[in-house]
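Q: Going by UniProt numbering, the sequence shown opens with residue 1, and the numbers climb by one from there. My questions all concern the structure below.
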Amino acid sequence: MNTAICAVNPDQHSDIETFDACEPRNGAVASRDVNFLERSALLGIVIGRMPKKGRAAGICPEEKKEEDHMEVAAKHRKTDSASPASPLCFDSPASLFQSLISPMTADEFFREYWEKKPLLLQRSDPALVSYYQSLFQLSDLKQLCVQGLEYGQDLNVMRCVNGNKLVMNHEGRVKYSQLRKDFNHKKATIQFHQPQRFKDELWHIQERLECFFGSLVGSNVYITPEDSQGLPPHYDDVEVFILQLEGQKHWRLYEPTVPLAREFGTEPEESIGKPTHDIILKAGDLLYFPRGTIHQADTPAGVEHSTHLTLSTYQIMSWGDLVLDVFPGLMMDSMKNDINLRQGLPRNLLTSAHTGSEVKKQVCMILRSLAARLEQDEQDLRSSEMRRDFIFNRLPPYHLQEEDLAPVGKLPTLEDSVCVRFREHIVLTLEPSPDNTDEAMKLAAFVLHSLRNKRETHMMGSRDHPEEEDDEDEDDDEEEEEKAVQGLDFPMSHLAALQQLLSGERLRVADLPLEQDADKLGMVLGLWTQGLLQVC
Ligand SMILES: O=C(O)CCC(=O)C(=O)O
């Protein structure tokens, strides 16, 4: 983080004074005679109105409409007169992100802020304020409790006391009356997990963001009563976007001890120094900060309560993680072709206290030759777990229902032209063929998709159910079976044809780059049956 900033409010002159009261760590203090706009630019603060849907230049280009997605969403969209019109632009993943961070441009965001430093967007647009409030509010909890919520799994109730997190969860099912008692009288913060499971608009936003980032996007809602704090200072392993939905929250951010941290961590107040940012977030404001940023937040006295939504992404998405992911496959392939890699280790290597410089040298040589071979290899890198994890755990397309999964339109013939449906929710991977019977390890081309993913379990994992551990093996088997159904595998000879289809082109079945007409038809029928392709 290279710039220290403090929030200033353009509407209240006196707030500008808080700038001087804040002591940035890096000495990046703007002088008093810099005017507000210049200073805002210097400080990474952007203030503005949201663009009207589809009106702002370059924000919502009509031609970028994603047909399947729009079609399904439009078919099922409820006409809910209580929901305010969305100031976000859902036409494409990029336009959604752009409208979320408006008036900052996505280019500037990724150039100046992403993984680098916090960004505060202060907006005082009443339409945006009421839209943000409609995403989740304190009063939603009553109905959600009726639907059935469990402590621990669906929400936590906690309070920061003397720098420590005091968890105040009760057993089992959440009763609304108890929840309000803890909130009103014990000043507990309610941390609601993954509200996109219940709130359609959050499903829509997060599904678009998952397409935009190509990474899972989770969320939590935090509701904190006045003059109270929920969590002690800590940092997360995710990029976060904080949307202030109701009331106000006071945020303090600190220099990371582990920049771009890969793990969650807490830090005692004594060791974190002075805040680099001291901010009051108001309804409609958005705050971004990179993973590793130490933070704490409290609802000031005199504010009725604060509700904010934390959108988080890019967990386990670093270059290091990719190398960890592809390395086992690379090594296994090399071992098949190189007898040197199959030669035995020196005797007792595993039991000796030091492996010695010769062993290190040998390992370095192997790594160099692996890199050299990879450079010459024309084939794509094979990702084993990261792609699968994303495609099987992301949200399904917005408002996709069981009936949308049935084959669409007429059965394709050789003379028809076909197009892939739900392109954004499909990946092509190369993996060991399910037909492998020996060590030769044949590869197959897998078409994996997320159309049958469950919105109700998005980002919930299975670790929250320790009581079900006995059944774990059985559940794992069932889960594996279910996942296996969410894709099709084809022989490697079909790879070029699949790549062509998945590039989004409209193609005549007869023109697919496959030798046999039967293979062409077999491939398109397989995809058509899964609802992944239609005659167009
Ligand atoms: O509101 C709080 O106490 C902390 C919230 C937080 O850490 C977050 O939203 O990431």
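We put the CB at the ideal spot given by N, CA and C, even for glycine. Quick caveat, the model's predicted, so the values are computed rather than measured.
For ligand 1, is there any heavy atom lying closer than 7 Å to the beta carbon of Val-217?
A: no
Q: If we ignore side chains and look at the alpha-carbon of each, how far apart do Ala-85 and Ser-312 end up?
A: 24 Å
Q: At a cut-off of 7 Å, would you count Gln-343 as near ligand 1, judging by its Cβ distance to the nearest heavy atom?
A: no
Q: Do you know whose CA, among Leu-514, His-250, Gln-143 and Asp-325, lies nearest His-305's CA?
A: His-250
Q: Is there at least one non-hydrogen atom of ligand 1 closer than 7 Å to the beta-carbon of Ser-194?
A: The residue asked about is misnamed: residue 194 is Gln in this sequence, not Ser. Answer for Gln-194: no, Cβ out of range of ligand 1.
Q: May I ask you to check if the CB of Lys-411 is nearer than 7 Å to at least one heavy atom of ligand 1?
A: The sequence as given places Leu at residue 411; Lys does not occur at that position. No, ligand 1 has no heavy atom inside 7 Å of this Cβ.
Q: Applying the criterion that 16 or more other CB atoms from any shown protein chain within 10 Å of the CB defines a buried residue, is Thr-529 buried or exposed?
A: exposed
Q: What does the Cβ neighbour count give for Val-167, buried or exposed, with the cut at 16 atoms within 10 Å?
A: exposed
Q: Taking C-beta to C-beta, are Met-459 and Leu-96 nearer than 8 Å?
A: no
Q: Who are the near neighbours of Glu-210 in its chain, counting only those whose CB is closer than 7 Å to its CB and skipping five residues on each side?
A: Contacts found: Leu-216, Val-217, Arg-394 and Leu-395.
Q: How about Arg-208 and Pro-93: do their beta carbons lie closer than 8 Å?
A: yes
Q: Taking all protein chains shown into account, decide if Pro-126 is buried (16 or more other Cβ within 10 angstroms of its Cβ) or exposed.
A: Label assigned to Pro-126: exposed.
Q: Residues in its own chain within less than 8 Å of Ala-444 by CB, not counting five upstream and five downstream?
A: Leu-430, Glu-431, Pro-432, Ser-433, Pro-434, Asp-435, Asp-489, Phe-490, Pro-491 and Met-492
Q: Going by DSSP, what residue range makes up the beta strand (DSSP E) through Ile-280?
A: 277-282
Q: Quick check on the burial criterion: 16 or more other C-beta atoms within 10 angstroms. Buried or exposed for Gln-133?
A: buried
Q: How many Å lie between Arg-347 and Lys-361 at the Cα?
A: 17 Å
Q: What's the C-alpha gap between Glu-402 and Asp-298?
A: 43 Å
Q: Can you list, in chain order, the stretches of the alpha helix (DSSP H) that have 4 or more residues and sit fully within the stretch 136-211?
A: 140-147 and 176-185
Q: By Cβ distance below 6 Å, which residues in the same chain neighbour Glu-424 in space, the five residues on each side in sequence not counted?
A: Cys-211
Q: Helix, strand or coil for residue 546, going by three-state DSSP, please let me know.
A: There is simply no residue 546 to check, as the chain begins at 1 and stops at 536 in what is shown.
Q: Just verifying my parser: in three-state terms, what is the DSSP assignment at Pro-126?
A: It is helical.
Q: What's the gap between the Cα of Met-317 and the Cα of Gly-487?
A: The alpha-carbon atoms of Met-317 and Gly-487 are separated by roughly 23 Å.
Q: Just to confirm before moving on: does the CB-CB distance between Ile-280 and Tyr-254 stay below 8 Å?
A: Taking 8 Å as the cut-off, the beta carbon of Ile-280 is found no closer than this to the beta carbon of Tyr-254.
Q: Is Gln-516 buried or exposed, if buried means 16 or more other CB atoms sit within 10 Å of its CB?
A: exposed
Q: From which residue to which residue does the alpha helix (DSSP H) around Ser-357 run?
A: 356-376
Q: What is the rounded straight-line gap between the Cα of Lys-199 and the Cα of Ser-219?
A: 11 Å
Q: Could you pull the DSSP bridge partners for Lys-116 from this structure?
A: Answer is none; Lys-116 lacks a bridge partner.
Q: Grab me the residues of Ala-106's own chain with a C-beta within less than 8 Å of its C-beta, minus the 5 sequence neighbours each way, in chain order.
A: Ala-94, Phe-97 and Gln-98
Q: In the DSSP output, which residue or residues are listed as bridge partners for Trp-528?
A: None; Trp-528 has no bridge partner.
Q: For the candidate residues Gly-292, Gln-229, His-193 and Glu-115, whose alpha-carbon lies nearest to that of Cys-160?
A: Gln-229
Q: Strictly under 8 Å for the Cβ-Cβ distance: is Leu-349 near chain B by that measure?
A: Chain labels in this structure do not include chain B; a single protein chain is all it has.
Q: Compute the minimum distance between the beta carbon of Thr-313 and the heavy atoms of ligand 1, and state whether it is under 7 Å.
A: no
Q: Along the beta strand (DSSP E) that carries Val-427, what are the first and last residues, could you check?
A: In the DSSP annotation of this structure, the continuous segment of the beta strand (DSSP E) that includes Val-427 starts and ends at 426-432.
Q: Which same chain residues, not among the five before or five after His-204, have their C-beta less than 6 Å away from its C-beta?
A: Tyr-398
Q: Do Arg-262 and Asp-278 have their beta-carbon atoms positioned less than 8 Å apart in this structure?
A: no
Q: Under 8 Å Cβ to Cβ from Glu-415, same chain only, skipping five residues before and after it: list those, please.
A: Arg-508, Val-509 and Ala-510
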